[in-house]
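Novice: The numbering of the sequence shown is the numbering used here, which starts it at 4 and goes up by one. Here a beta-carbon is modelled for each residue, glycine too, at the ideal position from N, C-alpha and C. I'd like to ask you about the structure that follows.
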Amino acid sequence: MNRGAALNSNGKLAEKLALKLTNLTTQKNLYNLTLLSYKDLFSSKKLFKQTKAWCPYCYQEWKESSQIAYEPLLWLFADAKMCLKHHQPLQSTCSSCDRPIPWLAGNSRIGYCSHCGAWLGNIAKTYQETITDLNKIDFPKDTWITKALGDLVAFIPKAKYSIGKHNVSQALKRTIEVTHQGNIAAFARTFQLPKNTVWMWCKGKSKPELREILRICYCLDISVIDFISLNKTAYESIQIYPQRLPRIPKESRRSPKVFDREKTKIYLQAILNDSVNPPINLKEVSEALGFHKRTISNHFPDLCKAITKKYRIYRKLETEKRIQNCCQEIEEIAFDLHQSGGYLTEASISKLLSHPGHLRYKKVRNTLEKAIANVNIQA
């Protein structure tokens with residue numbers, strides 16, 4: 004997940020930040036700006052978008068009425084595609100530079116692009132993009148889901164005290180009991196989910212992604228709040244709406260591909276005997292032959308082991324070569340800086356390196372420290 008979005012999520016980073024800010028500001032309701040109230044209910048996977056999303060109409064409206072612009076928590080959700088107030092799709096790229104915007108940047112400014120500084124509430128420029136985005140929106144479904152997410156955000160202050168740790172697993176078990184007489188496999192087939200995954204959710208051994216809970220609630224037309232708070236009244240009238248279930252086009256069954264042992268053996272031996280081209284790993288072999296690497300290994304275990312060994316030796320030699328080149332480059336940079344009267348520090352040298360990431364290697368770092376020390380001795 005993007006680190007900026009994680010600050011508002013339900014993980015450890017959000018918890019640490021909220022605690023720090025609470026201690027610094029003495030404001031005790033900062034947890035409500037995150038999803039920490041739901042940390043035991045939903046997985047943080049695919050929870051938020053990787054980059055910013057916004058409603059240009061909201062920004063422009065706030066600007067014209069001299070209101071303080073802000074980024075609603077609702078806009079962060081991966082499945083929030085609509086602005087419920089203006090009934091417009093959320094934008095995800097700047098209309099001026101056509102680039103996605105990170106949630107947090109060194110020059111972040113609410114309502115402005117952190118790349119080119121353009122105003123994100125420019126409705127005239129985004130109008131044509133909005134028309135294009137409208138074709139990608141499923142209005143009934145996306146409006147329902149965005150509203151459900153808004154209700155979830157509004158419920159945050161109460162969730163901490165009214166939602167238990169096992170509410171989602173109990174809600175799923177109750178739903179499966181009502182809709183499929185407790186048959187987990189049948190429920191999984193209906194919603195096109197892995198049976199073992201649903202079983203793990205029901206047992207509380209894993210947390211579902213929020214988007215899966217939203218999908219289930221949408222198909223049952225039950226409020227997410229009623230679902231996770233185990234509202235008895237809502238469960239009495241629960242039913243599946245078939246028209247809302249996902250439809251996957253049926254594909255004609257393909258004939259199984261015949262494994263040609265002789266052809267595969269010749270190919271593997273050719274890779275082993277090839278002294279011109281760089282060695283390849285088993286994954287690349289698998290992709291070239293069109294068979295899973297486990298299938299190939301089961302037929303030719305010795306050849307596969309030899310290919311893997313050859314590839315590892317090659318990778319090791321390549322790594323050593325890169326390290327050696329980097330050490331040589333450091334010595335050359337240090338010499339040039341010293342000759343030109345430049346100041347030698349780790350920062351000044353790493354800035355000029357072709358691959359500064361190589362400083363993670365012990366040999367490279369030792370070379371760097373030695374080069375700086377030698378210059379200091381001469382000085």
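By Cβ distance below 7 angstroms, which residues in the same chain neighbour PHE190 in space, the five residues on each side in sequence not counted?
Specialist: In the sequence shown, residue 190 corresponds to position 187, counting from 1. So the qualifying residues of the chain are ILE179, THR182, HIS183, VAL201.
Novice: Only counting the same chain, and skipping five residues up and downstream in sequence, which positions put a Cβ closer than 7 angstroms to that of PRO103?
Specialist: Position 100 of the sequence shown, counting from 1, holds the residue named residue 103. Excluding residues within five positions, the ones whose Cβ falls inside 7 angstroms are THR54, SER95, THR96.
Novice: Exposed or buried, what is SER40 when buried is set at 16 or more other beta-carbons lying within 10 Å of its beta-carbon?
Specialist: Position 37 of the sequence shown, counting from 1, holds the residue named residue 40. Answer is buried; the Cβ neighbour count reaches 16.
Novice: Just to confirm before moving on: does the CB-CB distance between ILE228 and THR193 stay below 8 angstroms?
Specialist: Here residue 228 corresponds to residue number 225 of the sequence shown, with the count starting at 1. Here residue 193 corresponds to residue number 190 of the sequence shown, with the count starting at 1. No.
Novice: Can you check whether the C-beta of THR267 is within less than 8 angstroms of a C-beta belonging to chain C?
Specialist: Note that chain C does not occur in the displayed structure, where there is just one protein chain.
Novice: When you compare only the Cα positions, how much space is there between LEU16 and LYS42?
Specialist: Locating residue 16 in the sequence shown gives position 13, where the first residue counts as 1. Locating residue 42 in the sequence shown gives position 39, where the first residue counts as 1. The alpha-carbon atoms of LEU16 and LYS42 are separated by roughly 12 angstroms.
Novice: For ASN13, does the count of other Cβ atoms within 10 angstroms reach 16, so buried, or fall short, so exposed?
Specialist: On the sequence shown, residue 13 is found 10 positions in, with the first residue counted as 1. ASN13 comes out buried.
Novice: Sort TYR221, LEU27, LEU107 by Cα distance to ALA151 and report the nearest one.
Specialist: Along the sequence shown, read from residue 1 onward, the residue named residue 151 stands at position 148. Looking at the Cα atoms, TYR221 is the closest of the given residues.
Novice: I need the boundaries of the alpha helix (DSSP H) containing TYR238, first residue and last residue.
Specialist: In the sequence shown, residue 238 corresponds to position 235, counting from 1. Segment 235-239, the alpha helix (DSSP H) holding TYR238.
Novice: Tell me where the alpha helix (DSSP H) around PRO143 begins and ends.
Specialist: Taking the sequence shown and counting its residues from 1, the one referred to as residue 143 is at position 140. Unbroken alpha helix (DSSP H) run through PRO143: 142-157.
Novice: For SER209, which of helix, strand or coil comes out of DSSP?
Specialist: Taking the first residue of the sequence shown as position 1, residue 209 is located at position 206. Of the three classes helix, strand and coil, the one that applies to SER209 here is coil, per DSSP.
Novice: What does the alpha-carbon distance come out to for the pair ILE283 and ILE274?
Specialist: For the purposes of this step, residue 283 is taken as the residue at position 280 of the sequence shown. For the purposes of this step, residue 274 is taken as the residue at position 271 of the sequence shown. Going from the Cα of ILE283 to the Cα of ILE274 covers about 8 angstroms.
Novice: Is PHE303 helix, strand or coil by DSSP?
Specialist: As a position in the sequence shown, residue 303 is number 300, starting the count at 1. If DSSP states are grouped into helix, strand and coil, PHE303 belongs with coil.
Novice: Assign PHE142 to one of two classes, buried (16 or more other C-beta atoms within 10 Å of its C-beta) or exposed (fewer than that).
Specialist: Translated into the one-based positions of the sequence shown, residue 142 becomes position 139. The residue in question, PHE142, is exposed, as its Cβ has fewer than 16 Cβ neighbours within 10 Å.
Novice: Determine the DSSP secondary structure at PRO259, reduced to helix, strand or coil.
Specialist: Locating residue 259 in the sequence shown gives position 256, counting from the first residue. PRO259: coil per DSSP, three-state reduction.
Novice: Does DSSP put GLU106 in a helix, in a strand, or in coil?
Specialist: Your numbering for residue 106 matches position 103 in the sequence shown. According to the sequence as given, residue 106 is Trp; it is not Glu. Looking at TRP106 - three-state DSSP - the assignment turns out to be coil, as it is neither helix nor strand.
Novice: List the endpoints of the continuous alpha helix (DSSP H) containing GLU180.
Specialist: Reading the sequence shown from its first residue, position 177 is the one you call residue 180. Taken as a continuous stretch (DSSP letters only), the alpha helix (DSSP H) holding GLU180 covers 170-183.
Novice: Taking the straight line between their C-alpha atoms, what separation do you get for PRO105 and SER117?
Specialist: Counting from one through the sequence shown, the residue named residue 105 turns up at place 102. Counting from one through the sequence shown, the residue named residue 117 turns up at place 114. Their Cα atoms are separated by approximately 8 angstroms.
Novice: Excluding the 5 residues preceding and the 5 following ILE126 in the sequence, name in chain order all residues of the same chain whose CB lies nearer than 8 angstroms to its CB.
Specialist: In the sequence shown, residue 126 corresponds to position 123, counting from 1. PRO59, TYR60, GLN63.
Novice: Are the stretch 303-316 and the stretch 336-344 touching by the rule of at least three beta carbon pairs closer than 8 angstroms?
Specialist: The stretch 303-316, when compared against the stretch 336-344, does not touch it at the 8 angstroms Cβ threshold.
Novice: In this structure, how does DSSP classify THR322 when only helix, strand and coil are distinguished?
Specialist: Taking the sequence shown and counting its residues from 1, the one referred to as residue 322 is at position 319. Three-state DSSP puts THR322 in a helix.
Novice: Spatial neighbours of CYS86 within its chain, please: C-beta separation below 7 angstroms, excluding the five flanking residues on both sides.
Specialist: Within the sequence shown, the letter at position 83 stands for residue 86. Excluding positions up to five away in sequence, the list reads CYS58, TYR60, CYS61, LEU93.
Novice: I think ASP154 touches SER226, with their Cβ atoms under 8 angstroms apart; what is that distance to the nearest whole Å?
Specialist: Position 151 of the sequence shown, counting from 1, holds the residue named residue 154. Position 223 of the sequence shown, counting from 1, holds the residue named residue 226. Confirmed, about 7 angstroms.
Novice: For ASP82 versus ILE187, is the C-beta spacing smaller than 8 angstroms?
Specialist: As a first step, residue 82 is located in the sequence shown; it is residue number 79 there, counting from the start. As a first step, residue 187 is located in the sequence shown; it is residue number 184 there, counting from the start. Not a contact, by the Cβ cut-off of 8 angstroms.
Novice: Would you kindly report the start and end of the unbroken alpha helix (DSSP H) that includes VAL279?
Specialist: Translated into the one-based positions of the sequence shown, residue 279 becomes position 276. That residue, VAL279, is in no alpha helix (DSSP H); it is neither H nor E in DSSP.
Novice: Would you call THR383 buried or exposed, if buried means 16 or more other Cβ atoms sit within 10 Å of its Cβ?
Specialist: In the structure displayed, the chain extends from 4 to 382; residue 383 sits before or after that span and is not available.
Novice: Under 6 angstroms Cβ to Cβ from VAL378, same chain only, skipping five residues before and after it: list those, please.
Specialist: In the sequence shown, the residue the question calls residue 378 occupies position 375. So the qualifying residues of the chain are HIS341, LEU347.
Novice: Look up THR370 in the DSSP assignment and say whether it is helix, strand or coil.
Specialist: Position 367 of the sequence shown, counted from the first residue, corresponds to residue 370. Correct three-state label for THR370: helix.
Novice: On the premise that TRP78 lies in contact with ALA56, defined as a C-beta separation below 8 angstroms, what is that separation, rounded to the nearest angstrom?
Specialist: Along the sequence shown, one-based indexing puts residue 56 at 53. Along the sequence shown, one-based indexing puts residue 78 at 75. That belief holds up - the Cβ atoms of ALA56 and TRP78 are roughly 5 angstroms apart, short of 8 angstroms.
Novice: Beta-carbon within less than 7 angstroms of LEU355's beta-carbon, same chain only, minus the 5 sequence neighbours each way: which residues are those?
Specialist: Residue numbering aside, residue 355 sits at position 352 when the sequence shown is read from its first letter. Here the set comprises ILE336.
Novice: Report yes if the CB atom of LEU371 is closer than 8 angstroms to the CB atom of ILE316, and no otherwise.
Specialist: Within the sequence shown, numbered from 1, the residue matching residue 371 stands at position 368. Within the sequence shown, numbered from 1, the residue matching residue 316 stands at position 313. No, these two residues do not count as a Cβ contact at 8 angstroms.
Novice: List the DSSP bridge partners of PRO92.
Specialist: For the purposes of this step, residue 92 is taken as residue 89 along the sequence shown, with counting starting at 1. DSSP output for PRO92 lists MET85 as bridge partner(s).
Novice: Would you identify the three-state DSSP class for LYS23, choosing helix, strand or coil?
Specialist: As a first step, residue 23 must be located in the sequence shown, where it is residue number 20. LYS23 falls in the helix class under three-state DSSP.
Novice: I need the DSSP call for ARG250, collapsed to helix, strand or coil.
Specialist: Here residue 250 refers to the residue found at position 247 when the sequence shown is read from its first residue. In this structure, ARG250 counts as coil in the three-state DSSP scheme.
Novice: To which residues of the same chain is LEU24 closer than 6 angstroms at the C-beta, ignoring the five residues directly before and after it?
Specialist: The residue given as residue 24 occupies position 21 in the sequence shown. So the qualifying residues of the chain are LEU33.
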